[in-house]
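**Student:** My structure is below; once you've seen it, I'll send some questions.
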Amino acid sequence: MNAQELYKTWANQPNLNESVKHDLNTIKNNPNEINDAFGTNMSFGTAGMRGLIGAGINRMNIYTVRQATEGLASYMDTLSDEEKKRGVAISFDSRYHSEEFAYEAARVLGQHNIKSFVFDDIRPTPELSFAIRHLHAFAGVMITASHNPMQYNGYKIYGEDGGQMPPKASDMITSFVRQAEDVFAIEVADVKELRKQKLLSVIGEDVDAAYLENVKNVNVNHQLIQEVGKDLKFVYTPLHGTGKIICRRALDNVGFKNYSLVKEQAIADPEFPTVDFPNPEFASAFNLAIQLGNQEEADVLIATDPDADRLGAAVRQPDGSYELMTGNQIASVLLDYILTAKQDANDLPVNGAVVKSIVSTELATKIANHYGVEMQNVLTGFKYIAEKIKDFEETNENTFLFGFEESFGYLIKPFVRDKDAIQSTVLLAEVAAYYKHKGQTLYDGLQSIYQLYGYHEEKTISKSFEGLEGKSKMDNIMNELRSNPLTEFNGQNVESLEDFDKSTKTNADGSVEKIQLPQANVLKYWLADGTWFAIRPSGTEPKIKFYLGTVDDNQEAVNTKLESYINAVDALIEQLV
Numbered sequence: 000m001n002a003q004e005l006y007k008t009w010a011n012q013p014n015l016n017e018s019v020k021h022d023l024n025t026i027k028n029n030p031n032e033i034n035d036a037f038g039t040n041m042s043f044g045t046a047g048m049r050g051l052i053g054a055g056i057n058r059m060n061i062y063t064v065r066q067a068t069e070g071l072a073s074y075m076d077t078l079s080d081e082e083k084k085r086g087v088a089i090s091f092d093s094r095y096h097s098e099e100f101a102y103e104a105a106r107v108l109g110q111h112n113i114k115s116f117v118f119d120d121i122r123p124t125p126e127l128s129f130a131i132r133h134l135h136a137f138a139g140v141m142i143t144a145s146h147n148p149m150q151y152n153g154y155k156i157y158g159e160d161g162g163q164m165p166p167k168a169s170d171m172i173t174s175f176v177r178q179a180e181d182v183f184a185i186e187v188a189d190v191k192e193l194r195k196q197k198l199l200s201v202i203g204e205d206v207d208a209a210y211l212e213n214v215k216n217v218n219v220n221h222q223l224i225q226e227v228g229k230d231l232k233f234v235y236t237p238l239h240g241t242g243k244i245i246c247r248r249a250l251d252n253v254g255f256k257n258y259s260l261v262k263e264q265a266i267a268d269p270e271f272p273t274v275d276f277p278n279p280e281f282a283s284a285f286n287l288a289i290q291l292g293n294q295e296e297a298d299v300l301i302a303t304d305p306d307a308d309r310l311g312a313a314v315r316q317p318d319g320s321y322e323l324m325t326g327n328q329i330a331s332v333l334l335d336y337i338l339t340a341k342q343d344a345n346d347l348p349v350n351g352a353v354v355k356s357i358v359s360t361e362l363a364t365k366i367a368n369h370y371g372v373e374m375q376n377v378l379t380g381f382k383y384i385a386e387k388i389k390d391f392e393e394t395n396e397n398t399f400l401f402g403f404e405e406s407f408g409y410l411i412k413p414f415v416r417d418k419d420a421i422q423s424t425v426l427l428a429e430v431a432a433y434y435k436h437k438g439q440t441l442y443d444g445l446q447s448i449y450q451l452y453g454y455h456e457e458k459t460i461s462k463s464f465e466g467l468e469g470k471s472k473m474d475n476i477m478n479e480l481r482s483n484p485l486t487e488f489n490g491q492n493v494e495s496l497e498d499f500d501k502s503t504k505t506n507a508d509g510s511v512e513k514i515q516l517p518q519a520n521v522l523k524y525w526l527a528d529g530t531w532f533a534i535r536p537s538g539t540e541p542k543i544k545f546y547l548g549t550v551d552d553n554q555e556a557v558n559t560k561l562e563s564y565i566n567a568v569d570a571l572i573e574q575l576v
């Protein structure tokens, strides 16, 4: 059926969900909206799905949530009885319909005689990852659109190790999702009946307490916190999300008492009314935190995104302004502190390893190498870091010390297998206290790192390509770059090109090396002046991302270099689109 026919099929359904019915009426006279909502299925991949809330097969609604869960349930039906009975942990964030979607997932699972453990209120993504392991569940579902605007929601599936489902299982789930083509034929159980049959359990404080007990072990120097923590002034904001539930308790538990909460943003409001985007990558998300920080003369501002897996920070400067740190800078400061502390305590393992994504800063590689620690690079997506941790545990070849992505995601201790802004908040507060004790700020600490390893600056440039035409444009960009490989960029020769889709690294002399990573639609260029840049279409958003990494001898020089490369990327995009 075409989009118009599918629209009519949905509109004629008896007992249609009221919210979906309203959305259908809203778009009934808009052919473009109908085509976008019904012209294609929502993309379902290894990270689950994410999209606009509304009616249609390309929207987040109870029927597409049921379809996704039917795929998971059908996969679990192929497992042994012992695996299946372990059940599925389910959490949700503060967005519109999140709790409703969580219970729809539980209803589908229950119809398959699969138990679910549903949180009694909003909880962070990292706590969902922990809950799977803590409850010995077979899988997990997180209803969230992370840092996206209020119009979005999403559905993420996690495996039994607490990381996102591995590729083999994910591919099988995707296959089952596509087989459940008639979303209205998917059967769901009654919640009250599931409670009676003990196929739906509500969880909350029992998991919170266990998670928080583990968070206590994230901090390195508890004596420092007791002595200096009271002097550190900082502001915390959960940006209307799940951090309000657990982060304050985590800070209190480890000894941080002298912080202020942005009260307006400690309300779990799905409108995210105080921010344009609830994303700690953006300076605008800190506007209220800056106001409060100025009142309190706070040393640091910390923000977590709505599902509390990402953390951003800003540091007070001598003139009273606040300097926003990038994800790469936060990661570098955290890593340097962890490795320094472990070396000082003679606790640095000989097989220690740090894991980062291929588009994250090379400054972290230099820091790790300085301490004799191996840096391992993985594809973008925290599931690949989780896979490395699992591999380390199974082989004992390496000891995990830290993992991060440039997109403001960090993991310190592997009792969680996804990025964890709660862990990151308590450790970043400790690092700030450490520098406070030295009469410095986090920003001063970053400068001392630059002086040792060179001044590094990175930039991510995102270009949006909405609708069905957008995907075609992104495909054309990647195809053009592969058909006509760049040999020079911004006046610098390309020394090597890594094509992760072909699993090859091609050097300027024509020699070719094999890349030992899974295939992915990513191109990464290494240039003669030490700059690198990468191009990657997003797997969850209608965007193509250009990542830049530069290095030079001083801040002014690296800023100038980075600006020239930003202009070169803009020119390249104009040429390709």
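FYI, in numbering that gives the first Met the number 0 the residues of the sequence shown are 0 to 576.
C-beta atoms are modelled at their ideal positions from N, C-alpha and C, and glycine is treated no differently.
#1: Roughly how many angstroms lie between the CA atoms of I26 and M41, to the nearest whole one?
#2: Just checking my contact of A367 with V358 at CB under 8 Å: how many whole Å lie between their CB atoms?
#3: Would you call the stretch 136 to 151 and the stretch 98 to 107 in contact, with 3 or more CB pairs under 8 Å?
#4: For V253, which three-state DSSP category applies?
#5: For Y442, report the span of its alpha helix (DSSP H) as first-last.
#6: Pull up the DSSP beta-bridge partners for V493, would you.
#7: Considering I301, what are the terminal residues of the beta strand (DSSP E) in which it resides?
#8: Which residue from I52, F129, V377, E456 puts its Cα closest to that of F499?
#9: By Cβ distance, which residues of its chain are closer than 7 Å to I266, with the 5 residues on each side in sequence left out?
#10: What is the DSSP secondary structure of L211, reduced to helix, strand or coil?
#11: Quick check on T273: does DSSP put it in helix, strand or coil?
#12: Reducing DSSP to helix, strand and coil, say where A463 ends up.
#13: When DSSP labels each residue in this structure, what does L260 get in the three-state scheme?
#14: Measuring straight from C-alpha to C-alpha, what distance separates S463 and G380?
#15: Ends of the beta strand (DSSP E) at Y157?
#16: Which whole-angstrom value describes the C-beta separation of L338 and Y370, a residue pair presumed to lie in contact below a C-beta threshold of 8 Å?
#17: Apart from the five residues just before and just after G242, which ones in its own chain have a Cβ nearer than 6 Å to its Cβ?
#18: Along the chain, which unbroken stretches of the beta strand (DSSP E) at least 3 residues long are found entirely within the stretch 341 to 397?
#19: In whole angstroms, give me the CA-to-CA distance for G351 and N506.
#20: Under 8 Å between the Cβ atoms of K523 and W531?
#21: Rounding to the nearest angstrom, what Cα-Cα distance links A67 and S174 in this structure?
#22: Assuming G55 and F37 are in contact, meaning their beta carbons sit under 8 Å apart, how far apart are those beta carbons, in whole angstroms?
#23: Identify the continuous alpha helix (DSSP H) that holds Y598 and give its terminal residues.
#24: So the candidates are Q150, C246, S283; which of them puts its Cα closest to the Cα of D268?
#25: State yes or no: is the C-beta of V206 within less than 8 Å of the C-beta of A432?
#26: For N34, tell me which candidate among E465, A363, L260 has the shortest Cα-Cα distance.
#27: One question on the structure: do A313 and Y321 come within less than 8 Å of each other, judged by their Cβ atoms?
#28: Going by DSSP, what residue range makes up the alpha helix (DSSP H) through S73?
#29: Can you check whether the CB of S259 is closer than 8 Å to the CB of V234?
#30: Please work out which residues of its chain come closer than 6 Å, Cβ to Cβ, to G604, disregarding the five sequence neighbours upstream and downstream, and give them in chain order.
#31: With L238 as the anchor, note down where its beta strand (DSSP E) starts and where it stops.
#32: Using 10 angstroms around the beta-carbon of G254, count the other beta-carbons present and answer buried if the total reaches 16, otherwise exposed.
#33: Exposed or buried, which one is P63 when buried takes at least 16 other CB atoms within 10 Å?
#34: Between which two residues does the beta strand (DSSP E) holding K504 run?
#35: Taking 8 Å as the cut-off, does the stretch 446 to 453 touch the stretch 403 to 411 (at least 3 CB pairs, one atom from each stretch)?
#36: Roughly how many angstroms lie between the CA atoms of P280 and S510, to the nearest whole one?
**Tutor:** The structure says:
#1: Taking the sequence shown and counting its residues from 1, one reaches residue 26 at position 27. Taking the sequence shown and counting its residues from 1, one reaches residue 41 at position 42. Rounded to the nearest angstrom, the two C-alpha atoms are 18 Å apart.
#2: Within the sequence shown, numbered from 1, the residue matching residue 367 stands at position 368. Within the sequence shown, numbered from 1, the residue matching residue 358 stands at position 359. Not quite, the Cβ-Cβ distance comes to about 17 Å (not below 8 Å), so this is no contact.
#3: Cβ pair count under 8 Å is three or more, so yes.
#4: If you number the sequence shown from 1, residue 253 lands on position 254. Residue state for V253 is assigned as helix, using DSSP reduced to three classes.
#5: One-based indexing of the sequence shown puts residue 442 at position 443. Start and end: 441 to 452.
#6: Position 494 of the sequence shown holds residue 493. Paired residues: L526.
#7: The residue given as residue 301 occupies position 302 in the sequence shown. Following the DSSP letters along the chain, one finds I301 inside the beta strand (DSSP E) bounded by residues 299 to 303.
#8: For the purposes of this step, residue 499 is taken as the residue at position 500 of the sequence shown. Per the Cα distances, V377.
#9: In the sequence shown, residue 266 corresponds to position 267, counting from 1. If we look at I266 and ignore the five residues flanking it on each side, its Cβ neighbours are H239.
#10: Translated into positions along the sequence shown, residue 211 becomes position 212. L211 falls in the helix class under three-state DSSP.
#11: Reading the sequence shown from its first residue, position 274 is the one you call residue 273. Coil, per DSSP.
#12: Position 464 of the sequence shown holds residue 463. A small correction: the amino acid at residue 463 is Ser; Ala does not occupy that position in the sequence shown. When secondary structure is reduced to three states using DSSP, S463 falls in the strand class.
#13: Position 261 of the sequence shown, counting from 1, holds the residue named residue 260. Here L260 sits in strand by DSSP.
#14: By 1-based counting over the sequence shown, the position of residue 463 is 464. By 1-based counting over the sequence shown, the position of residue 380 is 381. A direct Cα-to-Cα measurement between S463 and G380 gives close to 19 Å.
#15: Within the sequence shown, residue 157 is the residue found at index 158, counting from 1. Counting along the chain, the beta strand (DSSP E) containing Y157 begins and ends at 151 to 157.
#16: The count along the sequence shown starts at 1 and reaches residue 338 at position 339. The count along the sequence shown starts at 1 and reaches residue 370 at position 371. About 4 Å; that satisfies the 8 Å criterion.
#17: On the sequence shown, residue 242 is found 243 positions in, with the first residue counted as 1. Counting only Cβ-Cβ distances below 6 Å, and skipping sequence neighbours, we find T303, A307.
#18: Positions of the beta strand (DSSP E) runs, each at least 3 residues long and wholly inside the stretch 341 to 397, are given as 351 to 356, 373 to 377 in order along the chain.
#19: The residue given as residue 351 occupies position 352 in the sequence shown. The residue given as residue 506 occupies position 507 in the sequence shown. A direct Cα-Cα distance of roughly 30 Å separates G351 from N506.
#20: Taking the sequence shown and counting its residues from 1, one reaches residue 523 at position 524. Taking the sequence shown and counting its residues from 1, one reaches residue 531 at position 532. Yes, Cβ-Cβ distance for K523 and W531 is below 8 Å.
#21: What you label residue 67 is simply residue 68 of the sequence shown in a count that begins at 1. What you label residue 174 is simply residue 175 of the sequence shown in a count that begins at 1. So the alpha carbons of these two residues sit roughly 10 Å apart.
#22: Within the sequence shown, residue 55 is the residue found at index 56, counting from 1. Within the sequence shown, residue 37 is the residue found at index 38, counting from 1. Yes, they are in contact, since the Cβ atoms of G55 and F37 sit about 5 Å apart, within 8 Å.
#23: Because the chain here runs from 0 to 576, residue 598 falls outside it and cannot be looked at.
#24: On the sequence shown, position 269 is the one that residue 268 refers to. When Q150, C246, S283 are compared, the shortest CA-CA separation from D268 is found for Q150.
#25: Position 207 of the sequence shown, counted from the start, is the residue given in the question as residue 206. Position 433 of the sequence shown, counted from the start, is the residue given in the question as residue 432. With contacts defined by Cβ atoms closer than 8 Å, V206 and A432 do not form a contacting pair.
#26: For the purposes of this step, residue 34 is taken as residue 35 along the sequence shown, with counting starting at 1. Nearest of E465, A363, L260 to N34, Cα basis: E465.
#27: Position 314 of the sequence shown, counted from the start, is the residue given in the question as residue 313. Position 322 of the sequence shown, counted from the start, is the residue given in the question as residue 321. Result yes, Cβ atoms of A313 and Y321 sit closer than 8 Å.
#28: As a first step, residue 73 is located in the sequence shown; it is residue number 74 there, counting from the start. 61 to 75 is the span of the alpha helix (DSSP H), which, as asked, contains S73.
#29: Here residue 234 refers to the residue found at position 235 when the sequence shown is read from its first residue. Here residue 259 refers to the residue found at position 260 when the sequence shown is read from its first residue. Yes, the pair counts as a contact, with Cβ atoms nearer than the cut-off.
#30: Because the chain is modelled from 0 through 576, residue 604 falls outside the range shown and cannot be assessed.
#31: To locate residue 238, count along the sequence shown from 1; it is residue 239. Premise fails: L238 is in no beta strand (DSSP E) and is neither H nor E.
#32: Residue numbering aside, residue 254 sits at position 255 when the sequence shown is read from its first letter. When all chains shown are included, G254 counts as buried.
#33: For the purposes of this step, residue 63 is identified with residue 64 of the sequence shown, where counting begins at 1. Note that residue 63 is Thr in the sequence shown, not Pro. With 16 or more other Cβ atoms within 10 Å, it is buried.
#34: Working through the sequence shown from its first residue, we reach residue 504 at position 505. Start and end: 503 to 506.
#35: The stretch 403 to 411, when compared against the stretch 446 to 453, does not touch it at the 8 Å Cβ threshold.
#36: As a working note, residue 280 is residue 281 in the sequence shown. As a working note, residue 510 is residue 511 in the sequence shown. Going by the sequence as given, residue 280 is Glu instead of Pro. Taking the Cα positions, E280 is about 39 Å away from S510.
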